[in-house]
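Below is one structure, written out as structure tokens, with a few remarks after it.
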Amino acid sequence: LRPVESRNLHECGLPGDRVTYRYFVGRLCMFEDQYELAEQNLEYALRHCHKAATHNKQCILRYLVPVKLLRGRLPTQELLQKYDLHEYLPLVSSIRTGDFRTFNDGLQKYQDLFIRRGIYLLLEKCKAVCYRNLFKRVQKVVERHQLSLVEIAKAFKWLGMPMDLDELECILANLIFRGYVRGYISHTKRILVLSKANPFPIEAVVVSKRR
3 LRPVESRNLH ECGLPGDRVT YRYFVGRLCM FEDQYELAEQ NLEYALRHCH
53 KAATHNKQCI LRYLVPVKLL RGRLPTQELL QKYDLHEYLP LVSSIRTGDF
103 RTFNDGLQKY QDLFIRRGIY LLLEKCKAVC YRNLFKRVQK VVERHQLSLV
153 EIAKAFKWLG MPMDLDELEC ILANLIFRGY VRGYISHTKR ILVLSKANPF
203 PIEAVVVSKR R
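Its first residue numbered 3, the sequence shown is counted upward by one per residue in the working numbering.
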């Protein structure tokens, strides 16, 4: 990147040079956990990529999609199918519905591929978004702002992934700390008390940077 910057090619070079530069800067930012900058650079690369360069767009999306997943922005099924990114289909659908089992299965199925691309750990972090959406669905079903951890644990059991209450409480505490869930946990009563005002703020996911 330094030879490009020293010759100012990233600003004054040919469109293709600028796209290539932004693509690699985006990947570098992603590996350094600077997800907002990664998204900005990869989006630039995708937006300015030649419309006929389908393979190049596919390469960009291979890294842009997981960054967007972590930031709560889900691509359409049509986009993933158009660029033959089928490996992301189960992850996107499971995050959207809070289906943690499908998410886990998809992550394991394409584990080797994700490791080769260097995005496996990034996708592991997306579990937090999937957890958030699962808890949101449970809250919509029971229609209360006080949820028993036992009730929430039943959702995991129904998905075929039983979880003890201590592990569940740990996950919830982490989501509350990160701002994905607004509320607090009563440890003695084993109850999650949600805020009555926007208990699952999407902006907390979207603006996350180094999470």
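Glycine is no exception: its CB is placed at the ideal position from the N, C-alpha and C atoms.
Top-ranked residue by Cα proximity to residue i, from the options
i      : options                       : result
ASN200 : LEU115, ILE117, ILE178        : ILE178
ARG134 : ARG118, TRP160, ASN176        : ASN176
GLN110 : ARG98, PRO92, HIS147, ARG24   : PRO92
CYS128 : GLU41, PHE105, PHE137         : PHE105
LEU170 : GLY181, HIS189, GLY108        : HIS189
LEU81  : LEU48, LEU151, VAL195, GLY108 : LEU48
LYS156 : HIS147, VAL140, PHE202, THR78 : VAL140
HIS50  : TYR23, TYR65, LEU72, ASP35    : TYR23
LEU87  : HIS147, LEU72, THR56, THR99   : THR56
SER96  : LEU151, VAL131, ASP19         : VAL131
LEU30  : MET163, TYR65, LEU16          : TYR65
GLU205 : LEU72, GLU34, GLN79, LEU44    : LEU72
LEU161 : PHE33, ASP19, LEU136, ARG20   : LEU136
ILE121 : GLU34, VAL21, ASP19, GLY18    : GLU34
GLN113 : TYR25, GLU89, GLY18           : GLU89
Beta-bridge partners of residue i, as assigned by DSSP
i      : result
SER188 : ILE193
Residue i, enclosing alpha helix (DSSP H) - first and last residue
i      : result
LEU71  : 56–72
MET163 : Run containing MET163: none; DSSP gives neither H nor E here.
CYS31  : 17–33
TYR133 : 129–144
ILE1   : No information on residue 1 is available, as it lies outside the stretch 3 to 213 that the chain covers here.
Coil, strand or helix - residue i by DSSP
i      : result
LEU76  : coil
LEU218 : Since the first residue shown for the chain is 3 and the last is 213, residue 218 is missing from the structure and cannot be characterised.
ASN200 : coil
TYR85  : coil
GLN36  : coil
TYR90  : helix
ASP107 : helix
CYS172 : helix
LYS156 : helix
HIS50  : helix
TYR182 : coil
Pairwise C-alpha distance: residue j and residue i
i      : j      : result
MET165 : LEU63  : 34 angstroms
HIS52  : LYS70  : 22 angstroms
LEU194 : ILE187 : 5 angstroms
ILE117 : LEU39  : 22 angstroms
GLY74  : VAL183 : 14 angstroms
ALA54  : GLN60  : 11 angstroms
GLN36  : GLU153 : 36 angstroms
ARG146 : PHE102 : 22 angstroms
LEU125 : LEU115 : 12 angstroms
PRO203 : GLY185 : 11 angstroms
ASN58  : GLY108 : 25 angstroms
LEU149 : LEU196 : 8 angstroms
VAL144 : PRO77  : 29 angstroms
MET163 : GLN83  : 29 angstroms
LEU16  : GLN42  : 19 angstroms
LYS198 : LYS138 : 13 angstroms
ILE173 : PHE158 : 13 angstroms
PRO68  : MET32  : 10 angstroms
Boundaries of the beta strand (DSSP E) in which residue i is found, first to last residue
i      : result
GLN148 : 148–150
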